[in-house]
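Those protein sequences? They're chains A and B, same order as listed.
When you line the first sequence up against our numbering, it's residues 1 to 83, in that order.
When you line the second sequence up against our numbering, it's residues 1001 to 1595, in that order.
Built from N, CA and C at the ideal position, the CB exists for glycine as well.
Since the model is a prediction, treat every value here as computed from it, not as a measurement.
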Amino acid sequence: MKTVQPHPTEKLSSLHPGEIAIIVSIHAEEPLHQRLLAMGFRTGKKIELIRRARFSGPLQVRIGTTDILLRKAEAEKISVHRP
Amino acid sequence: MKKIALLGMPNTGKSTLFNRMTGAAARVGNWPGITVELLSGKILLGGDMAEIIDLPGIYDLHGFSDDEQVVRHFLRDNVPDLALVVLNATQIERQLSLLLQLKQLNLNMVVLLNMADEAKKYGITVDTRLMTEALGIPIFLLSAKYGTGYNEAMQAATRALRYTTPGLAENLRDQLRQDVQIETEMARVLQHSVQVPARLPDNLTNQLDRLMLHPWLGLPIFFGIMYLLFQAIFFFGQPLQTGVNGLFGWLREAAIVPLVAFLPAMLQGLLLDGVYNGVATVAAFVPLIVLFFLFMAIVEDTGYLSRAAFLMDVLMAKMGLDGRSFVMLLMGFGCNVPALMGTRVMRSRPLRLLSMLVVPFSLCSARLQVFVFITAALFSPEAAPLVLFSLYLFSFASAILTALLFKRYFPNSEPFLLELPPYRFPTLRQMVLRGWHEVQHFLRRATKFIVAGVVLVWLLTHLPPSAAPASADTLAGMIGAWLHPLFEPVGITSELTIALIFGFVAKEIVIGSLAVIYGLGGEALSGALAQQLDWVQAYSFMLFTLIYTPCLSTVATLRSESKNAGFMLFTIAWSLALAWVTSLVFYQTARMLGY
């Protein structure tokens, strides 16, 4: 998938706790993509990394009013840019 | 009778609304087109009876998960007269997508924006009049937990029931439009009717999470909470179970024994020690299940279970499980049966099956009784705590080994994306209803199986009639003799083999069965065991008891929860094999080392 990228993008997994970014694109297989959409992961949405679990455990992110846990492997499939 | 389907995403309080509507009158039942059972209840709406069906929470009507298929198939084969769509008002921005998908199906719908009380706290305002206009569907704010807006919602449902739903197309997925259109539509509806503050106020949930999910304190707090829960189940459960046993014992002597007194002795035995004891075994689990789910309701409904998943995920992911499996494994140390039922929170079937495969290795309180008795008989008071502790280690090791060995056969079918809901406290009504529903479920699904199993073991240990009960001349004794070549290398005598056959019913009766087999009780039995066995044999027997099939009730629950007899047989076979190999390795190594 090719997207216009006005800002340098990085992976959601590389954000630090407390950082807010904008979702640029999602490169996930169909079932994961569907679920991400339903959870509110949509291009252009603001996403905040709240915290990470120890030892490369899951990430807690916030989109709007929903807090979501996801593993690092899934977070690597989501590209974001810092405003 | 008109059918009303409750639809919505997970964590929207759909079940809370269902409980408010149907109370304790709900029943589980089967429906055409789907294999899972659904809760439903009949209520009076505007002078007519209507049936409310609680469908599993789904994120997406397009989706590929089991629950999403269940909902699609249900809607196709059981077109409801009305769909009550429950959305979380605080998450209306994203949950609207499900409503727009449902709207394309031309269902007769009423939308309830639940958790209106929470939305207000967040500063989220929804103009239901504008939204109703924009969507052409009646929309109401509701707090299912506290009942605000409930009457209006029910009146709306009654009005809507006058119209009927046109039929649905054969293939629902074809009817759904593309997501892009849904996104535009969402923006259009939300633009005027919903206002969400740009930044949420720092609420209690955030403050609590800073402590509960703290990098260093999170895990100790988690284990502290688990320890307290476990202790509480023990503390309240033990006397309750003793009470139920006492009640059934009293009833037996007072009513059942005189009632069957005229029957031949053999038939009396079958009815009293077979059938009646089977029923009593089932009954003894009732207080445990109620207690367990009272606490489960707290852990789950407060939102702590998702936090536990966050904390434990790194470790459990390596085993193909997730943090919630770990909670169930720990709960299994109280009693395996409700812990197996509790795995229902995991919506991915392979993940659930793998969890159900490991939970029975948890050293439950019934097995602990056996170990305490044997340890006291054969080990010094100084060694006893170490022996018990080592058995707990073997319990964990068996679970971990099993998960590692079989994880590739149970690949998780759902992405690990968990919502972290805000902390909420369940009402007493929610907790009690949960316990009541689970007990009903257990009784309905497991009673016949357990009673049949108890009767079978009674027959094995009492036939032929000429033999002394549980002696070498009974069928069980013959099986024991037949299995002897298998049990000799692990140091288990033929008397102990018969006890293991009893132990298949319940571990609580192992010591009692040894008393029957040896014809001795209490101190005398301890003495006899100490004389006949050395510590290596005793430890080998305890290892076997720990690892092989925990009890008939667990087996019945495995069957009813997995709805798959093959899976049940597999867990029995695997636990027997693992028990035998573990005992063998231990026994032969110890003997080789000269013990």
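Beta-carbon separation (whole angstroms), residue i vs residue j, contact threshold 8 Å
i	j	result
Ala-1187 of chain B	Val-1110 of chain B	About 23 Å; that fails the 8 Å criterion.
Ser-1193 of chain B	Asp-1127 of chain B	5 Å
Ser-25 of chain A	Ser-79 of chain A	5 Å
Close Cβ partners of residue i (< 7 Å) along its chain, the five nearest in sequence each way excluded
i	result
Ile-1052 of chain B	Ile-1004, Leu-1006, Phe-1018, Met-1021, Thr-1022, Ser-1040, Gly-1041 and Ile-1043
Leu-1099 of chain B	Val-1085, Leu-1087 and Val-1111
Thr-1090 of chain B	Met-1115, Glu-1118, Ala-1119, Tyr-1122 and Ile-1124
Tyr-1276 of chain B	Arg-1252 and Ile-1256
Glu-1508 of chain B	Ala-1366 and Gln-1369
Gln-1613 of chain B	Chain B is shown from 1001 up to 1595; residue 1613 of chain B falls before or after that span and cannot be answered.
Ala-1384 of chain B	Thr-1375 and Ala-1376
Phe-1131 of chain B	It should be pointed out that residue 1131 of chain B corresponds to Met in this sequence rather than to Phe. Result list for Met-1131 of chain B: Ile-1139, Val-1189 and Ser-1193, in chain order.
Phe-1361 of chain B	Ser-1395, Ser-1398, Ala-1399, Thr-1402 and Ile-1547
Best match in the options for proximity to residue i [C-alpha to C-alpha]
i	options	result
Leu-1213 of chain B	B:Ile-1139, B:Arg-1307 and B:Pro-1287	B:Arg-1307
Ala-1153 of chain B	B:Tyr-1146, B:Lys-1145 and B:Ile-1139	B:Ile-1139
Gly-1224 of chain B	B:Ala-1089, B:Leu-1428, B:His-1062 and B:Leu-1330	B:Leu-1330
Thr-66 of chain A	A:Ser-56, A:Phe-41, A:Ser-79 and A:Ala-53	A:Phe-41
Glu-1523 of chain B	B:Gly-1047, B:Phe-1373 and B:Gln-1532	B:Phe-1373
Tyr-1227 of chain B	B:Phe-1295, B:Pro-1485 and B:Ser-1466	B:Phe-1295
Met-1001 of chain B	B:Lys-1014, B:Gly-1046, B:Trp-1580 and B:Gly-1033	B:Gly-1046
Val-1457 of chain B	B:Thr-1447, B:Pro-1469 and B:Leu-1405	B:Pro-1469
Met-1356 of chain B	B:Gly-1594, B:Pro-1264, B:Asp-1322 and B:Thr-1148	B:Asp-1322
Glu-1438 of chain B	B:Thr-1132, B:Gln-1207 and B:Pro-1287	B:Pro-1287
Gln-1231 of chain B	B:Ala-1156, B:Gly-1334 and B:Asp-1301	B:Gly-1334
Ala-1403 of chain B	B:Trp-1574, B:Gln-1241 and B:Leu-1443	B:Trp-1574
Ala-1157 of chain B	B:Val-1070, B:Ala-1083 and B:Ala-1515	B:Ala-1083
Asn-1336 of chain B	B:Ile-1233, B:Gln-1532, B:Met-1009 and B:Val-1196	B:Ile-1233
Ala-1538 of chain B	B:Phe-1371, B:Tyr-1409, B:Ala-1556 and B:Phe-1570	B:Phe-1371
Gly-1013 of chain B	B:Gly-1029, B:Pro-1032, B:Gln-1238 and B:Asp-1301	B:Asp-1301
Ala-1579 of chain B	B:Ser-1553, B:Asn-1564, B:Ile-1492 and B:Asp-1534	B:Ile-1492
Thr-61 of chain A	B:Leu-1417, B:Leu-1500 and B:Pro-1464	One detail in the question is off: residue 61 of chain A reads as Val in this sequence, not Thr. Out of B:Leu-1417, B:Leu-1500 and B:Pro-1464, B:Leu-1417 has the C-alpha closest to the C-alpha of Val-61 of chain A.
Gly-1246 of chain B	B:Ala-1530, B:Val-1358, B:Ala-1284 and B:Leu-1272	B:Ala-1284
Thr-1184 of chain B	B:Ser-1097, B:Gly-1435 and B:Val-1282	B:Ser-1097
Leu-1354 of chain B	B:Phe-1570, B:Leu-1219 and B:Ser-1143	B:Phe-1570
9 Å Cβ cutoff met for residue i and residue j
i	j	result
Pro-1350 of chain B	Asn-1412 of chain B	yes
Leu-69 of chain A	Phe-1310 of chain B	yes
Phe-1544 of chain B	Ser-1583 of chain B	yes
Thr-1461 of chain B	Phe-1502 of chain B	yes
Ile-1511 of chain B	Leu-1520 of chain B	no
Pro-1422 of chain B	Gly-1303 of chain B	yes
Phe-1074 of chain B	Gly-1033 of chain B	yes
Ala-38 of chain A	Glu-74 of chain A	no
Ala-1467 of chain B	Gly-1480 of chain B	no
Pro-1338 of chain B	Ile-1289 of chain B	yes
Met-1346 of chain B	Glu-1561 of chain B	no
Ala-1556 of chain B	Ile-1450 of chain B	yes
Gly-64 of chain A	Lys-77 of chain A	no
Val-1036 of chain B	Val-1070 of chain B	yes
Beta-carbon contacts of residue i that lie in its chain and below 6 Å, excluding the five residues immediately before and after
i	result
Val-1299 of chain B	Leu-1305
Phe-1326 of chain B	Met-1312 and Met-1316
Ala-1499 of chain B	Val-1510, Ser-1513 and Leu-1514
Tyr-1059 of chain B	Met-1009
Partner residues on chain A for residue i, Cβ-Cβ distance less than 7 Å
i	result
Arg-1424 of chain B	Correct list: empty, because the minimum Cβ distance to chain A is about 13 Å.
Val-1555 of chain B	What Val-1555 of chain B touches in chain A: nothing, since even the nearest Cβ is about 33 Å away.
Val-1085 of chain B	Residues of chain A passing the Cβ test: none, with the nearest at roughly 15 Å.
Pro-1215 of chain B	Arg-54
Arg-1027 of chain B	In chain order: nothing, as chain A lies at least about 30 Å away.
Under 8 Å from the C-beta of residue i: neighbouring residues of chain A
i	result
Ser-1097 of chain B	Leu-37 and Ala-38
Thr-1090 of chain B	Thr-65
Ser-1306 of chain B	Leu-69
Tyr-1122 of chain B	Thr-65
Interface partners of residue i on chain A, CB under 9 Å
i	result
Gly-1063 of chain B	Pro-31, Gln-34, Arg-35 and Ala-38
Ala-1317 of chain B	Gly-57, Pro-58 and Arg-71
Near the ligand COA: residue i beta-carbon under 8 Å from a heavy atom
i	result
Ala-1579 of chain B	Here there are no bound small molecules, and the ligand COA is not part of this structure.
Residues near residue i in its chain [Cβ-Cβ closer than 8 Å; skip 5 each side]
i	result
Lys-1103 of chain B	Met-1109, Leu-1135 and Ile-1137
Val-1455 of chain B	Leu-1270, Gly-1274, Val-1275 and Gly-1278
Arg-1408 of chain B	Gly-1320
Leu-1576 of chain B	Tyr-1548 and Thr-1549
Trp-1535 of chain B	Leu-1378, Phe-1379 and Tyr-1595
Interface partners of residue i on chain B, CB under 7 Å
i	result
Ala-53 of chain A	Phe-1310, Leu-1311, Asp-1313 and Val-1314
Arg-82 of chain A	Under the 7 Å cutoff, chain B gives no residues; its nearest Cβ is about 17 Å from Arg-82 of chain A.
Proximal chain B residues relative to residue i, where beta-carbon distance stays under 8 Å
i	result
Glu-19 of chain A	Residues of chain B passing the Cβ test: none, with the nearest at roughly 15 Å.
Glu-74 of chain A	Pro-1415, Phe-1416 and Leu-1417
Per-residue contacts from residue i into chain B (C-beta, under 9 Å)
i	result
Ile-68 of chain A	Leu-1417, Leu-1418, Glu-1419 and Leu-1420
Test: residue i CB closer than 9 Å to a CB of chain D
i	result
Ile-50 of chain A	In summary, chain D is missing from the structure at hand, where the protein chains are A and B.
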